[in-house]
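So the sequences go chain by chain: A and B. Per the working numbering, residue 1 is the first one in the first sequence, and the count goes up by one each step. Per the working numbering, residue 1001 is the first one in the second sequence, and the count goes up by one each step. Since the structure comes first, as structure tokens, the remarks are kept for the end.
Number of protein chains: 2
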Amino acid sequence: MSDGKAGLQLRSLIKKSGELEISLANVPTPEPSADEVVVRVEASPINPSDLGLLVGAADMATAKASGTKDAPIVTASVPEAAMRAMAGRLDESMPVGNEGAGVVIRTGSSEAAKALMGKTVAMIGGAMYAQYRTIRASDCLVLPDGTTPAEGASCFVNPLTSLGMVETMRREGHKALVHTAAASNLGQMLNKICLKDGVPLVNIVRSPEQAQILRKIGAKYVVDSTSPAFMDDLTNALVETGATLAFDAIGGGKLAGQILTCMEAAINKTAKAYSRYGSNVHKQVYIYGGLDLRPTEFNRAFGMTWGIGGWLLFPFLQKIGMADALKLRQRVVAELKTTFASHYTQVVSLQEALQLSHIAVYAKRATGEKYLINPNKA
Amino acid sequence: MSDGKAGLQLRSLIKKSGELEISLANVPTPEPSADEVVVRVEASPINPSDLGLLVGAADMATAKASGTKDAPIVTASVPEAAMRAMAGRLDESMPVGNEGAGVVIRTGSSEAAKALMGKTVAMIGGAMYAQYRTIRASDCLVLPDGTTPAEGASCFVNPLTSLGMVETMRREGHKALVHTAAASNLGQMLNKICLKDGVPLVNIVRSPEQAQILRKIGAKYVVDSTSPAFMDDLTNALVETGATLAFDAIGGGKLAGQILTCMEAAINKTAKAYSRYGSNVHKQVYIYGGLDLRPTEFNRAFGMTWGIGGWLLFPFLQKIGMADALKLRQRVVAELKTTFASHYTQVVSLQEALQLSHIAVYAKRATGEKYLINPNKA
């Protein structure tokens, strides 16, 4: 298969019967059209945003392995209550992997495509958990000389998401940020951006160890949601920073509501008169992840001027338009080995990615555990 | 006191000790300045939006009566967990009553003020649960001849709120509405507006009796949240109407999330391809009330393009500006006895409003029970 005419591709399938099946399919590589290239994928991260498609709503505690070492199969059951949300993808075998990087090994006939021959490129567009990916030349980001595919594998999702948060803050008229699961790869990037740009950032973590990670890279405001003093600590940090916008990767549980409650308390510390409806300062939490799959719960103890909503990178990029999106992308390339450097705890092959022992680790979505798939790992 | 130089005023006080005290104070009526008038208040509704200030976060199951028949006092305890939200009003005796109507009995020296002498006017601005209210002439809405204070008592909150919902729908690019607690006084108004303006409206009620009330006034889409078929019924109504904006008076429990879930299901019924992030149609629920005081809970089974937020009349009116707000107000006066007619189940004096038997009814915030206070009831 070294000619790249065909290769392995990871597939996720949820059957009408309620069974998830993850497997490797041997698929022919589509021939590149004039404007396309074929990339040998050498690095693709497992982001939390990939897990939604990879394991769907399946209960991975029920996961079972079958198949062979070269063609492993993992099955697990999807709880009946969760099947409604899966309706759109039933019985459809889906490729996975939002972003990745690799080397261009074949090109279409256009000048733009031919110019990429042999280059190391970063890509976004799905189906990256595969040995080969045919993609439009314009969807490739050429990495600077001396950059490895592993270094460029996470060029899009985390860097653009963290830049998008700061950009959203500016566009919606806030002056500081709150971020949860803040010791994550993305959270560390966000700290580096905010330190560089002078944006006050309140980091919420879930352990003293995570707080330590952030303090080491220079974070000024770090509060631990497992501390008994959490609400007071958070309120104090909000008084100091004036943050009225939060990005929440947790989603489930009470955290989003606690943030709004503390924002309101911080605002009222300087309020002059009582208003039965609370302050009229807009407080916003955007939920962009679902590390905690439980329901979101809040008690509305924060007046009437608030919002909670979903936030997603692609609609955001569309909203700001091509020119501004390109500026963000250029910043990522310029600071790829500093601000936007990613760290991985494991590099696995496609087959290894289907081992239950690995799934047990990466499906936990634990902060500090970050997997990279190398589909062409020997 | 018939000269209006002093009169009774209802007061709500929450003490640092955690005790709510509602009482009647005899207060001097402020002399009107040049641009002000004194109104003898004859009708003021108890809206859900008044209860927040009147009883605060107190547990009214603990309410006790004391004082005398003419000067009754009601006390109740505020659960400790709720005291944080009360911080801004502690140990401050507060007047209550957002809106009301009455007759102008004395005026300042300006022409505008003098022109109101003897007129029946509607007012907004708080402290209406009182025998006399000194207020700026420009904050009075002169009612057409033949309109009683009782007919004009609810000129502002419910009429402008329901008009504000339709206006918000138009301004935010939606084409139909969902409303909860839909058989309420406000909900019936909203139905009349929507029928008149040709706006599809999905009414969510909590009993077959409430459904019946709305069908009788011509509502086309009525779904009952206590029915086992609720989710399917709601989804079908959303497919037919295309509603992607809801106004929710309930606030607590799972309803807001269920509405978003059904909106997403309705949108996906016509979707062409599976998107792991759900549809990219923005779905919005505005919570404008808190009939259910429990926490709000939702499971985020509706993609990433959604929002839940607070909605309040006054910030909305400020946002649309004076000229547009005036247009809404003019429509209210023009249709006061038709579209915007209110119905009350009880008319009580200030003393009667403090009887535990009445409090037990109006503090329930039950649909169909609507109290009017006449502070000058003989």
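Note that beta-carbon positions come from the ideal geometry of N, C-alpha and C, so glycine has one too.
- With contacts defined by Cβ atoms closer than 7 Å, alanine 1246 of chain B and isoleucine 1267 of chain B do not form a contacting pair.
- Annotation for methionine 1086 of chain B: Ile1014, Gly1056, Ala1057, Val1078 place their beta carbon closer than 7 Å to its own, counting only its chain and skipping 5 residues before and after.
- For glycine 1187 of chain B, the enclosing alpha helix (DSSP H) has its first and last residue at 1185-1197.
- In the DSSP annotation of this structure, the continuous segment of the alpha helix (DSSP H) that includes histidine 358 of chain A starts and ends at 356-362.
- When the alpha-carbon of leucine 116 of chain A is set against those of A/Ala101, A/Ile124, A/Ala137, A/Met123, the nearest one is in A/Ala137.
- Cα atoms of valine 178 of chain A and methionine 165 of chain A: separation of roughly 10 Å, rounded to the nearest angstrom.
- Taken in chain order, the members of the segment 292-303 of chain A whose beta-carbon sits within less than 9 Å of a beta-carbon on chain B are Leu293, Arg294, Pro295, Thr296, Glu297, Phe298, Asn299, Arg300, Ala301, Phe302, Gly303.
- Residue-level contact check: arginine 1133 of chain B does not touch chain A, since none of the beta carbons of chain A fall below 7 Å from its beta carbon.
- Pairing aspartate 1224 of chain B with leucine 1255 of chain B, the inter-Cα distance amounts to about 12 Å.
- Per DSSP, reduced to three states, the secondary structure at serine 33 of chain A is coil, with no helix or strand assignment.
- Residue-level contact check: asparagine 98 of chain A does not touch chain B, since none of the beta carbons of chain B fall below 7 Å from its beta carbon.
- Residue range 1111-1114 is occupied by the alpha helix (DSSP H) that includes lysine 1114 of chain B.
- Unbroken alpha helix (DSSP H) stretches of 4 residues or longer found wholly inside the segment 213-270 of chain A: 230-241, 255-268, given in chain order.
- Using a Cβ-Cβ cut-off of 8 Å, glycine 1309 of chain B is close to Trp306, Gly307, Ile308, Gly309 of chain A, given in chain order.
- For leucine 1010 of chain B, there are no neighbours in chain A by C-beta distance under 7 Å, as the nearest C-beta there is about 15 Å away.
- The contact set of glycine 1251 of chain B on chain A, defined by CB atoms closer than 8 Å, consists of Arg300 in chain order.
- Bounds of the beta strand (DSSP E) holding glycine 1067 of chain B are 1059-1067.
- Residue state for leucine 291 of chain A is assigned as coil, using DSSP reduced to three classes.
- Arginine 1329 of chain B: member of the alpha helix (DSSP H) spanning 1322-1334, first to last residue.
- Excluding sequence positions up to five before and after phenylalanine 156 of chain A, its CB lies within less than 6 Å of the CB of Glu99, Ile124, all in the same chain and listed in chain order.
- With a contact defined as Cβ atoms closer than 8 Å, aspartate 1003 of chain B and alanine 1113 of chain B miss out at about 18 Å.
- Residue contact with chain A for glycine 1088 of chain B: present (Cβ-Cβ distance below 7 Å to some residue of chain A).
- At a cut-off of 7 Å between beta carbons, asparagine 236 of chain A makes no contact with chain B.
- Distance from the CA of threonine 1161 of chain B to the CA of lysine 1364 of chain B, rounded to the nearest whole angstrom, comes to 21 Å.
- Beta-bridge pairing by DSSP links tryptophan 1306 of chain B to B/Lys1283.
- Bridge partners of threonine 1075 of chain B according to DSSP: B/Glu1021, B/Lys1064.
- One Cα belongs to cysteine 1140 of chain B, the other to leucine 317 of chain A, and the distance between them is close to 48 Å.
- Under the three-state reduction of DSSP, threonine 1147 of chain B is assigned to coil, being neither helix nor strand.
- By the CB criterion at 7 Å, leucine 1350 of chain B and leucine 1024 of chain B fall inside the cutoff.
- With the criterion set as a beta carbon lying under 9 Å from some beta carbon of chain B, the members of the segment 264-277 of chain A are Glu264, Ala265, Asn268, Ala271, Ala273, Tyr274, Ser275, Arg276, Tyr277, in sequence order.
- The segment 335-348 of chain A and the segment 184-200 of chain A touch, with no fewer than 3 CB-CB distances between them shorter than 8 Å.
- If you compare the alpha carbons of A/Ala265, A/Arg276, A/Asn185, A/Lys269 with that of alanine 249 of chain A, the shortest gap goes to A/Asn185.
- With 16 or more neighbouring CB atoms inside 10 Å of its own CB, lysine 283 of chain A falls in the buried class.
- Residue contact with chain A for leucine 1020 of chain B: absent (no Cβ-Cβ distance below 7 Å to any residue of chain A).
- Distances from the CA of valine 1121 of chain B to each of B/Glu1092, B/Pro1095, B/Ser1154 were compared; the closest alpha carbon is that of B/Ser1154.
- With its beta carbon at least 7 Å from every one in chain A, leucine 1160 of chain B lies outside the interface.
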